[in-house]
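Okay, structure first, notes after.
2 protein chains.
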Amino acid sequence: MLRRHKTDTAPLLASVEKHIRLSDDEVAFFLSRLEEKTVSRRTLLAKEGEVCKHSIFVVDGALKSYTVDKQSNEHVISFALSGWWIADMYSLIHQKPGVLRIEALADSSLLLLSKQKQEELYERIPKFERFFRIITENALVASQQRIINNLTLTAEERYLTFTEKYPFVMECAPLHNIASYLGMTPEFLSKIRRRIAIRK
Amino acid sequence: MLRRHKTDTAPLLASVEKHIRLSDDEVAFFLSRLEEKTVSRRTLLAKEGEVCKHSIFVVDGALKSYTVDKQSNEHVISFALSGWWIADMYSLIHQKPGVLRIEALADSSLLLLSKQKQEELYERIPKFERFFRIITENALVASQQRIINNLTLTAEERYLTFTEKYPFVMECAPLHNIASYLGMTPEFLSKIRRRIAIRK
DNA sequence: ACGTTTTCTTAATCTAGTTCAAGATAATCA
DNA sequence: TGATTATCTTGAACTAGATTAAGAAAACGT
Chain A
0 MLRRHKTDTA PLLASVEKHI RLSDDEVAFF LSRLEEKTVS RRTLLAKEGE VCKHSIFVVD
60 GALKSYTVDK QSNEHVISFA LSGWWIADMY SLIHQKPGVL RIEALADSSL LLLSKQKQEE
120 LYERIPKFER FFRIITENAL VASQQRIINN LTLTAEERYL TFTEKYPFVM ECAPLHNIAS
180 YLGMTPEFLS KIRRRIAIRK
Chain B
0 MLRRHKTDTA PLLASVEKHI RLSDDEVAFF LSRLEEKTVS RRTLLAKEGE VCKHSIFVVD
60 GALKSYTVDK QSNEHVISFA LSGWWIADMY SLIHQKPGVL RIEALADSSL LLLSKQKQEE
120 LYERIPKFER FFRIITENAL VASQQRIINN LTLTAEERYL TFTEKYPFVM ECAPLHNIAS
180 YLGMTPEFLS KIRRRIAIRK
């Protein structure tokens, strides 16, 4: 078998074929649109102030996106583990300077789909409109659920919900990133953890 | 001209045709999928515990979606004014019991697209995949921006940002709904407003 | 292997925002 | 029109969570 990619494209194809059916030619065309990239921990994939050029699919490893405020506090907006997409959606869609940094939490192998190649993909294989519609819908549901949690739960409840829902993120992201994602300080998360430990 | 709908479909068609080009037949088919509904203030369009059956397009008027917690506090998740869509996306997509109530803030005229007819629409006119992909992308960007604001801004900054971005919501939603949407109590919003008024 | 940086925790102090209680005004509806 | 209900505000007491400072342990780069 001829492998155009050193990076393993199977996880991405599995995700695509869960939603749309592709011919071999279409698969080949799709794969030829992708750029592979392996990065080491701490590599920046996108930076605030720059236009975000790619959607990133994580084949293996872990990324996070975050903003840095004037007091240079990081605010983690999202995590992406194996099988997830990540991007600065605002910047990517409107092709305007973004507000997010995207950084590798661990050595990672990625597949990048540039905005331009994504548009070509829609032109050539309209079924991909469907795929990305569904992916985006799922992301929207998750985003709204997070808003609901932020509005209705206490810091401790948010932490417990997170550990149940995303145990794998717990394993690869430092606690202060998780605190930030959950909207609290690392010190307070530490207190919560002790509270929970003592209760048991 | 034969009017299938008493409700004015022009705003919705304008929004659709901003993103995809339709033939007259396709327009007719699309419109035939829609159900029109006029409701008075306080009418419930969806209720927690029930499966959400429709995407709702607001032609005229205003809706809100919200959850009610155990202490029977309302938490406003979203507003929808003329030209906006609203739904309990989780419930609609997965066809499982939802967590949101959707309620009219004012007498409103609506166009409803049922989950089933939406699927039929995708079958018959695949271009609609594109339309809803774009609509969903925009909703996701807005949702993520709200998360960023919640993580990085103070209550006062959130209020000021909101009044600038959504002046029309300010005009038709009661203040305690806006406080709830912004993640603060109505009493505190009131204090913020006084603070701002005094400063001027 | 060792110095440096990152990660995580603890404790004291502080504050942004909540809770509770009450009153004023404006809408709503029979 | 008059009673009722919703909206908005004010103030005092309170608390969930932030801030500041510091130390211990682990991970990392060279």
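Top to bottom, those sequences are chains A and B. Residues 0 to 199, numbered by numbering that gives the first Met the number 0, are exactly what the first sequence covers, in order. Residues 0 to 199, numbered by numbering that gives the first Met the number 0, are exactly what the second sequence covers, in order. Beta carbons: idealized from backbone N, C-alpha and C, even for Gly.
Residue contact with chain B for L139/A: present (Cβ-Cβ distance below 9 Å to some residue of chain B). The Cβ of M88/B sits closer than 9 Å to at least one Cβ of chain A.
With a contact defined as Cβ atoms closer than 8 Å, S107/A and G182/A miss out at about 26 Å. Close to E122/A, with beta-carbon spacing below 8 Å, lies no residue of chain B; the smallest spacing is near 11 Å. In the DSSP assignment, W84/A forms a beta bridge with F56/A.
H53/A is outside the set of residues whose beta carbon lies under 9 Å from a beta carbon in chain B. Spatial neighbours of F127/A in its own chain (CB-CB distance under 6 Å, excluding positions within 5 residues in sequence) are listed in chain order as L120, Y121. Here Q70/B is exposed: its Cβ has fewer than 16 other Cβ atoms, across all protein chains shown, within 10 Å. Under the DSSP assignment, A45/A falls in the beta strand (DSSP E) whose first and last residues are 43 to 45. Membership of T160/B in the alpha helix (DSSP H) is indicated by the continuous run 154 to 164.
Within the same chain, F78 come within 6 Å of V168/B by CB-CB distance, once the 5 residues on both sides are set aside. The straight-line gap separating the alpha-carbon atoms of L12/A and N148/B is approximately 35 Å. Counting C-beta pairs with one atom in each stretch, the stretch 94 to 110 of chain A and the stretch 46 to 54 of chain A have three or more that are closer than 8 Å, which means they touch.
For T151/B, the closest Cβ of chain A is nearer than 9 Å. With a threshold of 16 other beta carbon atoms within 10 Å, R132/B meets it and is buried.
Taking C-beta separations shorter than 6 Å and ignoring five residues to either side along the sequence, the partners of R157/A in its chain run N148, L181, following chain order. Residue-level contact by beta carbon holds for V98/B and chain A, with a gap shorter than 9 Å. Where L111/B is concerned, there is no enclosing alpha helix (DSSP H), although the beta strand (DSSP E) around it starts and stops at 107 to 113.
For H175/A, the nearest beta carbon of chain B is not closer than 9 Å to its own beta carbon. For T184/A, there are no neighbours in chain B by C-beta distance under 7 Å, as the nearest C-beta there is about 12 Å away.
Under DSSP, V75/B shares a beta bridge with Y65/B. Residue pairing by DSSP places K36/B opposite L109/B in a beta bridge. Rounded to whole angstroms, L139/B and F56/A show a C-alpha spacing of 18 Å. In this structure, the straight-line span from the alpha carbon of S22/A to that of S189/B is close to 60 Å.
Taking the C-beta atoms as reference points, S142/A is found nearer than 9 Å to I146/B. In this chain, the alpha helix (DSSP H) harbouring E186/B covers 185 to 198. Proximity to V26/B across A86/B, L111/B, V15/B, Y165/B peaks at V15/B, based on C-alpha coordinates. Residues of the stretch 124 to 136 of chain A that bring their beta carbon within less than 7 Å of a beta carbon in chain B comprise P125, E128, R129, F131, R132, T135, E136, in sequence order. It is roughly 44 Å from the alpha-carbon of K52/A to the alpha-carbon of V38/B. The Cβ of Q143/B sits closer than 9 Å to at least one Cβ of chain A.
Taking each of Y165/B, H175/B, F187/B, E170/B in turn and checking the Cα distance to T153/B, the smallest one comes out for F187/B. Under the three-state reduction of DSSP, V26/A is assigned to helix. Look at V50/B here: in three-state DSSP terms it is strand. The bridge partners DSSP lists for A103/B are L62/B. At a Cβ-Cβ threshold of 9 Å, L112/A and L62/A do not count as neighbours. Rounded to the nearest angstrom, the gap between the Cα atoms of E155/B and R32/B is 44 Å.
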